[in-house]
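A.B. asks:
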Ligand SMILES: O=P(O)(O)OC[C@H]1O[C@@H](O)[C@H](O)[C@@H](O)[C@@H]1O
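Numbering (the UniProt record's numbering), first residue to last: 1 to 194.
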């Protein structure tokens, strides 16, 4: 058995912080193992136009190919068909850049080494009962996760997994891959950036 506690905090600027704590409450001395993902869906202008940055050059398991392992080759993730991947050993910040809406979502995480990126595209969207046929065009799912290596807790041990989501106004400058810079540069006029 286990105890799960979720702390939800909304910051003054609208940032959302989720803190999950899971404790093994087994009385019989047995360990408890689990995998974890915050299934966060982001509202975007157009799935064909956005980029996900921060996962380039990383290895991923492809859920559409029996979790075969590949290495990301692009300088950002772009979407042109169904995609369902588990990126491994990811940095603590990932950016979802929506040029059309001039908005960047920044995902910050702790205790969660992996990141799932998912969009069902048209065929799977049609097959899902709780998902509109066209809704895949305006969403992307980026999940802070611990999947490749299950977390194992001894009795009494506790694990903490944190997620922080923020939306910042932004223009996308080609080649700007660091989410830190996206935040800092978001107020800099476009013509002052080389
Ligand atoms: O409907 P949910 O629980 O948000 O899950 C959606 C997707 O979540 C992802 O984590 C999975 O990799 C996908 O295969 C799955 O379809």
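Ideal Cβ positions, reconstructed from N, Cα and C, are used throughout, including at glycine.
Output the distance between the C-alpha atoms of residue 167 and residue 135, rounded to the nearest integer angstrom.
C.D. replies: When rounded, the distance between both Cα atoms is 21 Å.
A.B. asks: Based on the DSSP output, what are the partners of residue 44 in its beta bridges?
C.D. replies: The partner list for residue 44 (beta bridge, DSSP) is empty, contrary to what the question assumes.
A.B. asks: Keeping to the same chain, check which residues put their C-beta closer than 6 Å to that of residue 118; ignore five residues upstream and five downstream.
C.D. replies: For residue 118, where only same-chain residues beyond five positions count, the Cβ hits under 6 Å are 84, 141.
A.B. asks: Specify the secondary structure class of residue 101 as computed by DSSP and reduced to three states.
C.D. replies: Residue 101: coil per DSSP, three-state reduction.
A.B. asks: Is the segment 70-89 touching the segment 107-117 in the sense that three or more CB pairs, one from each, lie closer than 8 Å?
C.D. replies: These segments touch.
A.B. asks: Along the chain, where does the beta strand (DSSP E) that runs through residue 149 open and close?
C.D. replies: Element bounds for residue 149: 139-153.
A.B. asks: Please classify residue 2 as buried or exposed, where buried requires at least 16 other C-beta atoms within 10 Å of its C-beta.
C.D. replies: Exposed, since its Cβ has fewer than 16 Cβ neighbours within 10 Å.
A.B. asks: Kindly indicate which residue of 45, 23, 81 has the alpha-carbon position closest to the one of residue 120.
C.D. replies: For residue 120, the nearest C-alpha among the options comes from 81.
A.B. asks: Straight-line CA distance for residue 138 to residue 32?
C.D. replies: Rounded to whole angstroms, residue 138 to residue 32 spans 38 Å at the Cα level.
A.B. asks: Taking residue 29 as the reference, give the member of 105, 156, 163 with the closest Cα.
C.D. replies: The candidate whose alpha carbon is nearest that of residue 29 is 156.
A.B. asks: Which value, in whole angstroms, describes the spacing of the CA atoms of residue 102 and residue 144?
C.D. replies: Each residue's Cα considered, the two are about 23 Å apart.
A.B. asks: Can you tell which of 163, 154, 132, 131 has its C-alpha closest to the C-alpha of residue 245?
C.D. replies: Any question about residue 245 goes unanswered here, given that the chain covers just 1 to 194.
A.B. asks: How far does the beta strand (DSSP E) with residue 162 in it extend, from its first residue to its last?
C.D. replies: Its beta strand (DSSP E) spans residues 158-169.
A.B. asks: When you measure from the CB of residue 91 to every non-hydrogen atom of ligand 1, does any distance come out below 8 Å?
C.D. replies: False, no ligand heavy atom lies under 8 Å from that Cβ.
A.B. asks: Do residue 49 and residue 58 have their CB atoms nearer than 9 Å?
C.D. replies: Taking 9 Å as the Cβ cut-off, residue 49 and residue 58 do not qualify as a contacting pair.
A.B. asks: My guess is that residue 37 and residue 52 are in contact by the Cβ rule of under 8 Å, so how many angstroms apart are they, rounded?
C.D. replies: Residue 37 to residue 52, Cβ: 16 Å. No contact.
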